[in-house]
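J.:
Residue numbers (the UniProt record's numbering): 1 to 124.
#1: What distance in whole Å lies between the Cβ atoms of residue 12 and residue 42, which are believed to be in contact at a cut-off of 8 angstroms?
#2: Near residue 58, what residues of its chain come up, given a Cβ to Cβ distance below 8 angstroms and the 5 sequence neighbours on each side ignored?
#3: Determine the contact status of residue 81 and residue 37, defining contact as a CB-CB distance below 8 angstroms.
#4: Among 89, 22 and 84, which one has its Cα closest to the Cα of residue 122?
#5: Do you know how far the Cα of residue 77 is from the Cα of residue 67?
#6: Mind checking residue 124: buried by the 16 CB within 10 Å criterion, or exposed?
#7: In angstroms with no decimal places, state the Cα-to-Cα distance between residue 112 and residue 25.
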């Protein structure tokens, strides 16, 4: 398993699909998307395990709405966002990390903790 994490200045379709799956479908949490998405840095974790897109319930099914995922490509499995803390503008460097979501088939492999560590590293 090789995990690659990329940062985006807007909410990527794959991150949106992961959040819809985890927060809306699995947890029935609404509304999921808010005004902080527009000002956040969005992180997306990709798993290069070529076997994963063929597993039942895999992220390949989620991302197919935005762009097809080929079995040989990395595929998105987790996301989070961070943004400057609006309640403490007097404290530059203070951020909020939120909306950490890991697809069910990727849970238990420490991808969420790696994503959180990457967010903290980028903020520091």
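Yeah, the Cβ is synthetic: ideal placement off N, Cα and C, and Gly gets one too.
T.: Checking against the coordinates, here is how it stands:
#1: Within the chain shown, residue 42 is the residue found at index 42, counting from 1. Within the chain shown, residue 12 is the residue found at index 12, counting from 1. At roughly 6 angstroms, the Cβ-Cβ gap stays under 8 angstroms, so residue 42 and residue 12 are in contact.
#2: Here the question's residue 58 lines up with position 58 in the chain shown. With a pLDDT of 41 at residue 58, under the threshold of 50, the modelled position of this residue cannot be trusted, and the question is left open.
#3: On the chain shown, residue 81 is found 81 positions in, with the first residue counted as 1. On the chain shown, residue 37 is found 37 positions in, with the first residue counted as 1. Contact: yes.
#4: Residue 122 sits at position 122 when you count from the first residue of the chain shown. Closest by alpha carbon: 84.
#5: Numbered from its first residue, the chain shown carries residue 67 at position 67. Numbered from its first residue, the chain shown carries residue 77 at position 77. Per-residue confidence for residue 67 stands at a pLDDT of 44, beneath the threshold of 50, marking its modelled position as unreliable; the derived number appears in the next sentence. Computed Cα separation, rounded: 15 angstroms.
#6: The residue you call residue 124 lines up with position 124 of the chain shown. Its Cβ having fewer than 16 others within 10 Å, residue 124 is exposed.
#7: Start at 1 with the first residue of the chain shown, and residue 112 comes out as number 112. Start at 1 with the first residue of the chain shown, and residue 25 comes out as number 25. Near 19 angstroms, if we compare the C-alpha coordinates of residue 25 and residue 112.
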